[in-house]
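Taking my numbering, the leading residue of the first sequence gets 267, the next gets one more, and so forth.
One structure is given below, encoded as structure tokens.
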Amino acid sequence: MLQLNYIKENTQEVINKLSIKNFDATEMITKVLDLDNKRRETQKLLDDNLFESNNIAKEIGVLFKTGKQNEATTLKDKTAKLKILSKELNDKLLLIEKELNDILLQIPNTPHHSVPKGKHAADNINIHQEGDIPELPIDAIPHWDIASKYDIIDFELGNKITGAGFPVYKGKGAKLQRALINFFLDSALKQGYTEFQPPLMVNEDSGYGTGQLPDKEGQMYYVGLDNYYLIPTAEVPITNMFRNMIVKAEELPFKCVAYSSCFRREAGSYGKDVRGLNRLHQFDKVEIVQIQHPDKSYQTLEEMREYVAGLLRLLELPFRILRLCGGDMSFASALTYDFEVYSAAQKKWLEVSSVSNFESFQSNRMKLRFREKEGKPQLAHTLNGSALALPRIVAALLENNQTNEGVKIPKALIPYTGFDIL
RNA sequence: GGAGAGAUGGCAGAGUGGUCGAAUGCGGCGGUCUCGAAAACCGUUGUUCCGUUUACGGAACCGGGGGUUCGAAUCCCCCUCUCUCCGCCA
């Protein structure tokens, strides 16, 4: 969430910036400022009240020790009133703080100045494109047909044992998955990332920490019996490892990579968007996360972007990079690059990665701070990116590389698959 | 799942109703000594909020929440988590 002081000192700027995200914050921010005034007022009254009570309590202590019981009793009566007042003020303060916090949690992150205006995906700006769009023969088939032709992914079987959106990978299909995971992890390790295997379920605090809660509650699978959420991305457990920490400035950046399965309810999705591997309830992803100094986070974002581009080059997939417009950006992000690969049989661009800088939005929720040699702790910046999400990569590989002899595996992947065609 | 023990500052670890935000040790930072370093010695060392604003004053925080009391780290209740033993089990 946004820092209260930032909102106070840059009220109009915040409102203007949020309008880029098509979010009219005027009312909320007026309310925030009003509540903050009430909060400070109430806090002052309460503190003064407690000060008086504390002093009297100390006096009583002394009186008891010196045996002046009567005087002590007189003072006791005096505190009764103060006590009631303190209780009232405290209740009021808690109420104000809760209301204030509830509103702050609902205000999205302000976008970076380079974020273009726009309402939806069509308004995103294509800032880079590379790789040749494959010319497929007329009888080229989409990946779901390739999958059954070679018997490498079984959607029906997934329907049977779980439901739609839970495919079963078989034989070389399963091996290809494993190859991609290892390829992605090894590549990240070479770039200095540390590998983690996080839990696939997180508690409520973690959900709030990275901003999935309360904003996207309905998008996560919820395990009610234990009050856990299945992770929609490894970003959640990985970033939350740093929740409530004050680290040394010289320890930054933390570079983490994790492979995990991801679970998304995808409520509201339908039609051809969910065909085949295009949109699943469970999928695999390798995620990179960095915790960085505010002064360096945008440089880091560019590095992460270049890193992801490098992966796609090695996979020999045509891709483009989009600068997301305000309307298409996530709640928590300040700047996001989406990567899309071209899936030639569907003739569609498929999103395979999203690389974002959250600035201090997540760290403010998580109380993730760092300390310079001198001075107070300050909020760190958090960044993350998919590197990469598997299903759509698989879809594009299958479609783009289909030949009469089978599907060709890109060179970089062969050491991992152990076969060059499937 | 059953039984028991516990949760204190960066870490270790005291504290069982009254100047306790908290002894002590380690670590960290500053200094003395030294050509320099080590050792030794001295000092210092948490976070958040409020008010005045380099100074300073006040409040809160000893897993979380509630209660008792003039006063709670300390007593009571609830929750969460951790550990040990038994059971079950990849």
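Each residue gets a CB set at the ideal place from its N, CA and C atoms; glycine is no exception.
Being a predicted model, the structure only gives us computed values, none of them experimental.
Following the DSSP letters along the chain, one finds residue 554 inside the beta strand (DSSP E) bounded by residues 548-558. Cβ atoms of residue 653 and residue 577 come within 8 Å of each other, at about 6 Å.
When DSSP states are grouped into helix, strand and coil, residue 463 belongs to the coil group. Between residue 427 and residue 569, the alpha-carbon positions lie close to 41 Å from each other.
As the crow flies, the alpha-carbon of residue 424 is around 48 Å from that of residue 273. Rounded to whole angstroms, residue 392 and residue 379 show a C-alpha spacing of 17 Å. If you look at residue 335, you'll find it in the alpha helix (DSSP H) that goes 335-372.
With respect to the 8 Å criterion, residue 633 and residue 545 are not classified as neighbours on the basis of their beta carbons.
Sequence-distant Cβ neighbours of residue 639 in its own chain, meaning closer than 8 Å and more than five residues away, are 515. Residue 615 is bridged by DSSP to 608.
If you look at residue 296, you'll find it in the alpha helix (DSSP H) that goes 292-331. Taking a C-beta distance under 8 Å as the contact criterion, residue 661 and residue 629 do not qualify as a contact pair. At the C-beta level, residue 644 and residue 635 come within 8 Å of one another. Listed in chain order, the alpha helix (DSSP H) runs fully inside the segment 417-466 are 421-427 and 437-456, counting runs of at least 4 residues. A distance of 8 Å or more separates the beta carbons of residue 688 and residue 445.
Inter-segment contact for the segment 593-613 and the segment 369-387 is present: three or more beta-carbon pairs are separated by less than 8 Å.
Across the structure, residue 469 and residue 501 are spaced so that their CA atoms are roughly 14 Å apart. Secondary structure note for residue 275: its alpha helix (DSSP H) is the uninterrupted segment 270-275. In this structure the segment 444-462 lies against the segment 549-560, because at least three pairs of beta carbons, one per stretch, are closer than 8 Å. Separation of residue 590 and residue 318 (C-alpha to C-alpha, rounded to the nearest whole angstrom) is 55 Å. Residue state for residue 636 is assigned as strand, using DSSP reduced to three classes. Spanning the alpha carbons of residue 429 and residue 487 requires a straight line of approximately 14 Å.
One thing to note: residue 522 has its Cβ no nearer than 8 Å to the Cβ of residue 497. Under the three-state reduction of DSSP output, residue 573 falls in the helix class. Secondary structure at residue 529: strand, using DSSP grouped into helix, strand and coil. For residue 650, the uninterrupted beta strand (DSSP E) segment begins and ends at 647-655. In this chain, the alpha helix (DSSP H) harbouring residue 412 covers 409-415.
Residue pairing from DSSP leaves residue 280 without any beta-bridge partner. Residue 602 is bridged by DSSP to 622.
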